[in-house]
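Engineer:
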Amino acid sequence: MDTDKSHIRHCVLYEFHQGKNATKAAEAICSVYGLNAVNDRTCRRWFERFRNGNFDLEDEQRSGRPQEMVADDLQALLDQDPSQSTSELATQLNVDQSTISRRLNEMGKVHKAGKWVPYKLSENNKCQRLTTCVSLLARNKKKDYLWKIVTSDEKWIYYDNPVKKKKWLDPCQATVASPKPNIHRKKVMLSVWWDMKGIIYFELLEPRQTINAERYTQQLKRLCEAIEERRPFYGHGKRKVILQHDNARPHVAKMTKQAIIDLGWEVLAHPAYSPDLAPSDYHLFRSMEHFLRGKEFENNEDLKNHLDQYFDSKPESFYREGIRELPLRWQSSIDNNGDYFDDL
2 MDTDKSHIRH
12 CVLYEFHQGK
22 NATKAAEAIC
32 SVYGLNAVND
42 RTCRRWFERF
52 RNGNFDLEDE
62 QRSGRPQEMV
72 ADDLQALLDQ
82 DPSQSTSELA
92 TQLNVDQSTI
102 SRRLNEMGKV
112 HKAGKWVPYK
122 LSENNKCQRL
132 TTCVSLLARN
142 KKKDYLWKIV
152 TSDEKWIYYD
162 NPVKKKKWLD
172 PCQATVASPK
182 PNIHRKKVML
192 SVWWDMKGII
202 YFELLEPRQT
212 INAERYTQQL
222 KRLCEAIEER
232 RPFYGHGKRK
242 VILQHDNARP
252 HVAKMTKQAI
262 IDLGWEVLAH
272 PAYSPDLAPS
282 DYHLFRSMEH
292 FLRGKEFENN
302 EDLKNHLDQY
312 FDSKPESFYR
322 EGIRELPLRW
332 QSSIDNNGDY
342 FDDL
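Under the working numbering, the first residue of the sequence shown is numbered 2, with each subsequent residue one higher.
#1: Going by DSSP in three states, M108 sits in which element: helix, strand or coil?
#2: Using a Cβ-Cβ cutoff of less than 8 Å, which residues in the same chain neighbour K187 once the five nearest sequence positions on both sides are dropped?
#3: If I measure Cβ to Cβ from H271 and keep anything under 8 Å in the same chain, skipping five residues before and after, which residues do I get?
#4: Any chance the segment 289-304 sits against the segment 135-143, with 3 or more Cβ pairs inside 8 Å?
#5: Taking the straight line between their C-alpha atoms, what separation do you get for A27 and L58?
#6: Flag this pair as yes or no: are the beta carbons of P119 and Y311 separated by less than 9 Å?
#7: Give the single residue among F48, T152 and E230 whose Cα lies nearest to the Cα of S192.
#8: What's the C-alpha gap between A260 and V242?
#9: Just mark F48 as buried or exposed, buried being the case when its beta carbon has 16 or more other beta carbons within 10 Å.
#10: Which of helix, strand or coil does DSSP assign to G323?
#11: Mapping DSSP to helix, strand and coil, what is I150?
#12: State the start and end residues of the unbroken alpha helix (DSSP H) segment that holds M256.
#13: What do you reckon, are the CB atoms on E155 and I200 nearer than 9 Å?
#14: Roughly how many angstroms lie between the CA atoms of S288 and D313, to the nearest whole one?
#15: Would T257 be called buried (16 or more neighbouring beta carbons within 10 Å of its own) or exposed?
#16: Three or more beta-carbon pairs under 8 Å between the segment 93-100 and the segment 124-133, yes or no?
#17: Can you tell me whether DSSP reads F203 as helix, strand or coil?
#18: Quick check: does the Cβ of V189 come within less than 8 Å of any heavy atom belonging to the ligand HEM?
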């Protein structure tokens with residue numbers, strides 16, 4: 002029994018022996034220990050117990066199932082299906098729903114909603130993720146090669162990016178309706194390449210254009226020119242480009258593979274269905290979405306100018322942080338046996 006609770010009960014017993022009634026006893030105790038020390042109802046209950054000759058200050062054993070049994074059975078039900086509601090659990094254990102809520106709280110359980118994942122991974126997918134991450138992490142421990150990585154990805158960018166904001170209103174005041182964005186609204190595809198020092202090259206396709214192997218190969222040639230201009234430390238035996246991109250068909254096509262061989266670059270292993278291991282997805286694009294929110298663009302040139310401003314506004318530390326997070330994510334995937342992990 003709690004020490005403070007035990008002391009208050011001794012005080013109640015003392016007031017009983019002093020011949021006071023329950024109300025006066027509660028007032029006297031609260032005047033010394035605070036208004037919430039004990040209430041009138043509790044004092045009456047203890048006074049009734051004392052009058053019956055029971056001066057034991059410990060709680061009486063309650064009827065019904067022991068608490069330990071309820072907790073053990075509750076844990077067993079949660080092990081079977083942790084998504085059950087408190088009412089479902091109470092019905093199965095034949096106890097009140099309030100008892101279930103109290104036991105869950107005592108067990109330290111919290112109610113969490115599940116998260117959406119990019120893909121339902123098969124055991125083969127998990128095995129591939131695990132094997133790839135082990136290999137990448139082992140290589141990183143032997144020699145830091147993160148500075149050599151040039152990471153790339155594509156993303157659809159909309160010309161209009163409406164945002165619905167919450168407003169402070171009076172309880173009876175109606176909210177202002179906003180039209181839902183058109184799912185067919187105009188968009189263009191962004192292709193971007195960057196490393197730990199910042200953006201190397203990006204381009205916007207024409208509306209309705211998408212990436213295919215031929216177009217991606219031409220992009221890689223333009224990327225090579227940008228690297229020679231902006232990253233002179235690559236090439237000539239100084240530093241070899243390690244290209245990091247996902248397994249989209251244009252990226253793994255025979256034409257693309259040959260182009261990368263001709264450029265003398267290496268491709269960093271990347272398991273399928275793994276946007277959580279792609280720096281653009283988990284770092285750059287997240288930040289970019291906040292920047293684009295609420296903006297509208299007239300044409301590609303207008304959009305390109307805004308993207309230029311956005312990329313230039315980010316310090317080198319922003320890009321460095323995004324790629325330096327890769328080993329932490331490889332380790333998280335390993336710790337989760339190749340499955341998706343809670344985001345960092």
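In this text, a Cβ means the ideal position worked out from N, Cα and C, and glycines have one as well.
Structural biologist: This is what the structure holds:
#1: coil
#2: Y159, Y160, D161 and P208
#3: T133, Q245, H246, D247, N248, L278 and A279
#4: no
#5: Going from the Cα of A27 to the Cα of L58 covers about 16 Å.
#6: no
#7: T152
#8: Taking the straight line from one Cα to the other gives about 13 Å.
#9: Residue burial is scored here from C-beta neighbours: F48 has at least 16 other C-beta atoms within 10 angstroms and is therefore classed as buried.
#10: helix
#11: strand
#12: Annotation for M256: the continuous alpha helix (DSSP H) segment containing it runs K255 to L264.
#13: For the pair E155 and I200, the CB atoms are not nearer than the 9 Å cut-off.
#14: 13 Å
#15: buried
#16: no
#17: strand
#18: The ligand content of the structure shown is nil, which means the ligand HEM is not present either.
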